[in-house]
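Down below is the structure, laid out as structure tokens.
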Amino acid sequence: MKLQPIDLTVVKTYPIAERRNKVSLERDFAAAVTPGMTVADLLAAMPNQLGAENLNAAINAVVAARRKGKPVVIAIGGHVIKCGLQPVLKALIDADVVTAVAMNGSASIHDYEISLIGETSEDVGAVLHCGTFGMAEETGRDINRALKAGVAAGFGYGEALGRFIVENRNPHAGASLLAACHTKGIPATVHVAMGTDIIHQHPEADGAVLGQATFTDFRLFASVVATLGDGGVFINIGSAVIMPEVFLKALSIAQNMGFHVDHFTTANFDMQQHYRPLQNVVKRPTAGDSRGLAITGHHEIMIPLLAAGILDKIGPRRD
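As numbered in full-length UniProt numbering, the sequence shown has no gaps in its residue numbers, which increase by one up to the final residue, 319.
What follows is the structure in structure tokens.
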């Protein structure tokens, strides 16, 4: 059968006034951007849609959590440190906004090197084939020794290394997140996978020590996660595998032990949204009466904007 072009003159239409629309000029459009705007003005001027809506929701959730006395936990990958964001995150710690910090092993190494020499991140491609990648003496020596001493004293990885940075008076200790957490007295946990970090290559590496240090931190992190219910916030920044997996297991322990973590907010900040953070941070943990947010963008832009929005709403501390 030969088909003929369809006759559009018989198509039925209806008045646009009867249509339901997802975007409204009055409700959803951006406001004018003007010179001299405050951070609050800029955030309020953003469109009430998609990423801007999620960013403002994350800011509001953090502010609400701290006003309610609930925890705000940040988990980070190594790239966050390499982007130079310690001063931004330390400002949130100093303002009593962030109540716990968790990180993968690479973040702890970059944090330590910054505290020691004010620099980090070698050119891997340039040195891999000559066999010197990750072989800096001081990094592997100091961190492994700090962990051995810390485990012997009953500390986890984060506390052991933060304490070492402070007590060793590293020249740039003021730039260290782990040192800031130790000084502030808030949990800092480090979660490693054996063989992923350059300190595992060092002659002083001890698998039993590394395992005990990070296992202690895993149990401490589970205690932190158990307190997130009824208003807490968990933010994952730039960890595509380790921290989302650790968070999911810690949450399972908390639920198993009867803490029933619900009514909280999670957010994943990354340059692209990966499978595990979306599933293990944004979706699965918030399947009840919680909310998961995904905010996509470069850390060096999004995290200062997040922090500025939070601090602007909270206002100056009243000591």
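Quick reminder that beta carbons are idealized off the backbone N, C-alpha and C, glycines included. Predicted, not measured: the structure shown is a model, and the values here were computed from it.
At which residue ranges does the segment 83 to 161 contain complete alpha helix (DSSP H) runs of 4 or more residues, listed in the order of the chain? 86 to 94, 105 to 117, 124 to 127 and 137 to 152
Per DSSP, what kind of secondary structure is residue 76 in: helix, strand or coil? What you label residue 76 is simply residue 76 of the sequence shown in a count that begins at 1. Residue state, collapsed to three classes: strand.
When you compare the CB positions of residue 287 and residue 273, do they come within less than 8 Å of one another, or not? Within the sequence shown, numbered from 1, the residue matching residue 287 stands at position 287. Within the sequence shown, numbered from 1, the residue matching residue 273 stands at position 273. Cβ distance not < 8 Å, so residue 287 and residue 273 don't count as in contact.
Of the residues 76, 65 and 290, the one placed nearest residue 110, counting alpha carbons only: Translated into the one-based positions of the sequence shown, residue 110 becomes position 110. The shortest Cα separation from residue 110 among 76, 65 and 290 belongs to 76.
For the alpha helix (DSSP H) containing residue 56, name the first residue and the last one. Here the question's residue 56 lines up with position 56 in the sequence shown. Judged by DSSP secondary structure, residue 56 falls within the alpha helix (DSSP H) whose first and last residues are 50 to 67.
Three or more beta-carbon pairs under 8 Å between the segment 254 to 262 and the segment 81 to 98, yes or no? Counting Cβ pairs under 8 Å, fewer than three are found: no touch.
Compute the distance between the beta-carbons of residue 59 and residue 309, then report whether it is under 8 Å. Position 59 of the sequence shown holds residue 59. Position 309 of the sequence shown holds residue 309. Cβ distance < 8 Å, so residue 59 and residue 309 count as in contact.
Below 6 Å CB to CB, which residues in the same chain sit around residue 163 once its five sequence neighbours on both sides are set aside? The residue labelled residue 163 in the question sits at position 163 within the sequence shown. So the list reads 182, once near-sequence residues are dropped.
Burial state of residue 112, where buried means 16 or more other Cβ atoms lie within 10 Å: Here residue 112 is taken as the residue at index 112 of the sequence shown, counted from 1. Classification of residue 112: buried, given that the 10 Å Cβ count is 16 or more.
Tell whether a beta-carbon distance below 8 Å holds between residue 140 and residue 74. On the sequence shown, position 140 is the one that residue 140 refers to. On the sequence shown, position 74 is the one that residue 74 refers to. The answer is no: Cβ separation not under 8 Å.
Kindly provide the ranges of any beta strand (DSSP E) runs that are 3 or more residues long and lie completely inside the segment 216 to 257, ordered along the chain. For the segment 216 to 257, whole beta strand (DSSP E) runs of length 3 or above, ordered along the chain, are 233 to 237.
Sequence-distant residues of the same chain with beta carbon closer than 6 Å to residue 303, five excluded per side: Locating residue 303 in the sequence shown gives position 303, where the first residue counts as 1. Taken in chain order, the residues that qualify are 85 and 88.
Through-space distance from residue 41 to residue 312, alpha-carbon basis: Residue 312 sits at position 312 when you count from the first residue of the sequence shown. Residue 41 sits at position 41 when you count from the first residue of the sequence shown. So the alpha carbons of these two residues sit roughly 10 Å apart.
For residue 320, list the residues DSSP reports as bridge partners. Beyond the ends of the chain as shown, which are 1 and 319, falls residue 320; an answer cannot be given.
In whole angstroms, what separates the C-alpha of residue 180 from that of residue 224? Position 180 of the sequence shown, counted from the first residue, corresponds to residue 180. Position 224 of the sequence shown, counted from the first residue, corresponds to residue 224. Using only the alpha carbons, I get a separation of about 18 Å.
In whole angstroms, what is the alpha-carbon distance linking residue 289 and residue 262? On the sequence shown, position 289 is the one that residue 289 refers to. On the sequence shown, position 262 is the one that residue 262 refers to. Taking the Cα positions, residue 289 is about 6 Å away from residue 262.
Could you pull the start and end residues of the beta strand (DSSP E) that residue 190 belongs to? Against the sequence shown, residue 190 aligns to sequence position 190. First-last of the beta strand (DSSP E) with residue 190: 188 to 191.
Three or more C-beta pairs below 8 Å linking the segment 199 to 215 and the segment 233 to 246: no
Would you kindly report the start and end of the unbroken alpha helix (DSSP H) that includes residue 39? Reading the sequence shown from its first residue, position 39 is the one you call residue 39. It spans 39 to 45 - the alpha helix (DSSP H) in which residue 39 sits, taken as one unbroken run.
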